[in-house]
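If you use the numbering used here, the sequence shown corresponds to residues 2 to 69, in order. We treat Cβ as the ideally placed atom computed from N, Cα and C, and that holds for glycine.
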Amino acid sequence: MMIKNRLSIVLGEQRMRVSELSKLTGISQNALNKIYHNKTKGIDFDTLNKLCNTLQINSQELFEFTPD
């Protein structure tokens, strides 16, 4: 199973930039860029919570699950 995040899609739908999300969440722009480009191996629960609360979405809206 492959898990990809949909942060780029969600930000596009909300017309928000990574820099704005960084200011709202306190998560560094560098960390958000890695998540945005699916260049991270994982995400901690604190980061996930901040993203979901700020973007007003649930975790299922942030991730896409695809079978191998």
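If you draw a 10 Å sphere on the C-beta of ASN6, you find 16 or more other C-beta atoms in it, and that means buried. Assigned with DSSP and collapsed to three states, ASN59 falls in coil, not helix or strand. Along the length of the segment 19–62, whole alpha helix (DSSP H) runs at least 4 residues long occupy 19–26, 30–37 and 46–56, reported in chain order. Around the beta-carbon of ILE4, fewer than 16 other beta-carbon atoms lie within 10 Å, marking it exposed. Under DSSP, no beta-bridge partner is assigned to ILE10. Beta-carbon to beta-carbon, THR55 and LEU22 are separated by about 7 Å, close enough to satisfy the 8 Å threshold.
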